[in-house]
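Asks: One structure is given below, represented as structure tokens, and several questions about it will come after.
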Amino acid sequence: MLRVAVVGSGPSGVYTAQSLVEQTAVPGVRVHVLDRLPCPYGLVRYGVAPDHEKIKSLQGSLRAVLEHERIGFVGNVEVGGAGGVTPARLLELYHAVVYCVGAARDRRLGVPGEDLPGSFSATDFVSWYSAHPDAVPGGFVLEARSAVVIGVGNVAVDVARILARGPGELRPTDVPEAALGALAASRVREVHMVGRRGPSQAKFTTKELRELGAMPRARVEVEPADLALDPAYADPAGLPAVNRRNVEVVRGWAEAGGPESRERVIRVRFFLRPVEVLERAGRVAGVRFERTVPDGAGGVRGTGAYEDVEAQLVLRAVGYRGMPLEGLPFDAARGTVPHAAGRVLRDGAPSAGEYVAGWIKRGPTGVIGTNRPCAKETAGSLLADAPALARRRVADDPLATLRAWGHRPVEWPGWLSIEQAEAALGRTLGRGPVKIPDWSGLLAAAGRD
Ligand SMILES: Cc1cc2nc3c(=O)[nH]c(=O)nc-3n(C[C@H](O)[C@H](O)[C@H](O)COP(=O)(O)OP(=O)(O)OC[C@H]3O[C@@H](n4cnc5c(N)ncnc54)[C@H](O)[C@@H]3O)c2cc1C
Ligand SMILES: NC(=O)c1ccc[n+]([C@@H]2O[C@H](COP(=O)([O-])OP(=O)(O)OC[C@H]3O[C@@H](n4cnc5c(N)ncnc54)[C@H](OP(=O)(O)O)[C@@H]3O)[C@@H](O)[C@H]2O)c1
């Protein structure tokens, strides 16, 4: 019998576990899905925007996998890091280990003023409204009237939309109470979402983009002068479908405009490259952008013309990056673990028993579904190696050994207790389930205080 640890309970971890138990070539595979958090589902719980109820509900299908009789959830166990179990020790417990730890750190801009009070990564903002227990307490929207979101990917769209939503729209979601209160009191009236390239090259997907134009309290504005710079704007016919549809949506906004009556405005800007976060009285006062133009090779070049956008809040939504996990090889340039078809490579050769899937394998792009074929490829490699893996000698009872090493796992019943506590918290607030935002609250609910 093969015993496998999957490290990370986000989509790639859950899909890997599913691929390992739902096959017949190697019968009886047992999987423990470990996570450093006491809660499963990775970015589906702690990244997908709270007002995307349909995507959030994917947690139901991930849950069904984690309830499989040969899969066990083992939360509150970190791999690597201070006090975590090391990759080498994990291999003493399991025939194989699959790393599915994601890539949930922010990328930096590298411009002056980036760290001023009032300038945050979208990662911080998302973690705050998603109640991630490591989130920094949010002074995000307290005094801001105007916000700049840098980047035109789906995370930029998420944070722009959350800033423009009213409390009535967020109350039915699982947003933690403190974030709901702060967003309800928000004075933000203008959100500038700014791309360094053109609308035909933006990274957002059309469904998400359209949603910005369908909000009850916000209108969208685009600058015709920005759009005119994009050679594909006038004739998008030759573009890939998603880019063509994006251009069509933006054109619709340019031609029709949004209802003036709406109190909040989202200004979608293009061909502006951030060069400095501006400061007044020790805080963010705006962003200086350099006007760019297409360079004819898919990129842009600066023009030496600058534009300042006033803002008291800056959110950098310029992508995520993977972090090295001590004891595992890491390709710093790509921010991923080097691999061949999911087999971890040490000094160019496959490392016996170590595999990788998801964002830490491919880099931080792709929607939830993209992780399914990625996980399947990794599981396929592992199953092909099964005869050799089964010969490895491992401890009889990995959970007992983890406990003996000082770890205090939160297993499935502990997670179910957290869910019940969140439902109970929601009831006391007259809301649906409301997330518990701190470690002590989560561990207490799981019976681990
Ligand atoms: C803000 C945001 C919103 C998104 N919204 C959508 C959306 O609406 N729709 C969509 O289709 N896609 C969305 N995506 C993309 C989607 O979330 C990713 O494709 C997917 O989550 C990647 O899965 P993963 O399993 O590789 O990583 P993750 O989901 O990040 O899971 C990694 C897991 O590993 C755990 N972990 C990390 N380090 C360790 C460690 N050292 N030890 C133990 N455990 C560890 C983490 O706690 C986490 O649970 C969004 C992404 C972001 C960033
Ligand atoms: N609803 C959903 O389905 C959903 C929601 C959220 C996230 N996701 C997925 O999660 C993944 C990550 O999304 P993401 O938005 O973080 O990343 P992303 O799609 O890679 O977008 C990053 C954006 O930041 C810009 N950027 C990067 N470096 C910059 C710099 N130095 N200065 C200015 N702009 C810069 C990029 O511009 P360039 O193109 O010019 O580099 C791009 O517009 C994506 O695959 C996304 O689709 C999906």
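Read in order, the letters of the sequence shown correspond to residues 1 to 449 in the UniProt record's numbering.
Glycine residues also receive a C-beta, built at the ideal position from the N, C-alpha and C atoms.
As the structure is a prediction and not an experimental result, all values here were calculated from the model.
Ligand 1 heavy atoms versus the CB of V194: any closer than 8 Å?
Replies: no
Asks: Taking 7 Å as the limit between beta carbons, can you name the residues of its chain near R408, skipping five residues before and five after?
Replies: Hits under 7 Å: N76, R448.
Asks: Enumerate in chain order the residues of its own chain whose CB-to-CB distance from V220 is below 7 Å, with the five nearest sequence positions on each side excluded.
Replies: L212, G213, W253, G258, I266, V268
Asks: For V149, which option in Y355, R251, R196 has the closest C-alpha, if you only look at C-alpha atoms?
Replies: Looking only at Y355, R251, R196, the smallest Cα-Cα distance to V149 is reached by R196.
Asks: Should A379 be listed as close to ligand 1, given that the test is whether its C-beta is under 8 Å from any heavy atom?
Replies: no
Asks: Between R3 and H68, which are expected to be in contact by the criterion C-beta below 8 Å, what is the C-beta distance as a whole number of angstroms?
Replies: 15 Å between Cβ atoms; not a contact.
Asks: Looking at the unbroken alpha helix (DSSP H) that takes in P87, where does it start and where does it end?
Replies: 87-93
Asks: May I ask you to report which of helix, strand or coil DSSP gives V74?
Replies: strand
Asks: Which one of H132, L58, G8, V191 has the shortest CA to CA distance from P437?
Replies: It is H132 whose Cα lies nearest to the Cα of P437.
Asks: Would you mind sorting R334 into buried or exposed? The rule is 16 or more other CB atoms within 10 Å of its CB.
Replies: exposed
Asks: Mind checking which residues open and close the beta strand (DSSP E) that includes G252?
Replies: No beta strand (DSSP E) holds G252; the alpha helix (DSSP H) holding it covers 241-256.
Asks: Which residues bound the alpha helix (DSSP H) around L382?
Replies: In the DSSP assignment, L382 falls within the unbroken alpha helix (DSSP H) covering 371-384.
Asks: Taking Cβ to Cβ, would you say G198 is nearer than 9 Å to P294?
Replies: yes
Asks: Could you tell me the distance, in whole angstroms, from the CA atom of L442 to the CA atom of E260?
Replies: 44 Å
Asks: Along the chain, where does the beta strand (DSSP E) containing S57 start, and where does it finish?
Replies: That residue, S57, is in no beta strand (DSSP E); it is neither H nor E in DSSP.
Asks: Tell me the DSSP secondary structure of L389 in three-state form.
Replies: helix
Asks: Taking DSSP's pairing of strands, which residues face V410 in a bridge?
Replies: G75
Asks: Considering only the beta carbon of each residue, do L209 and D51 sit closer than 9 Å?
Replies: no
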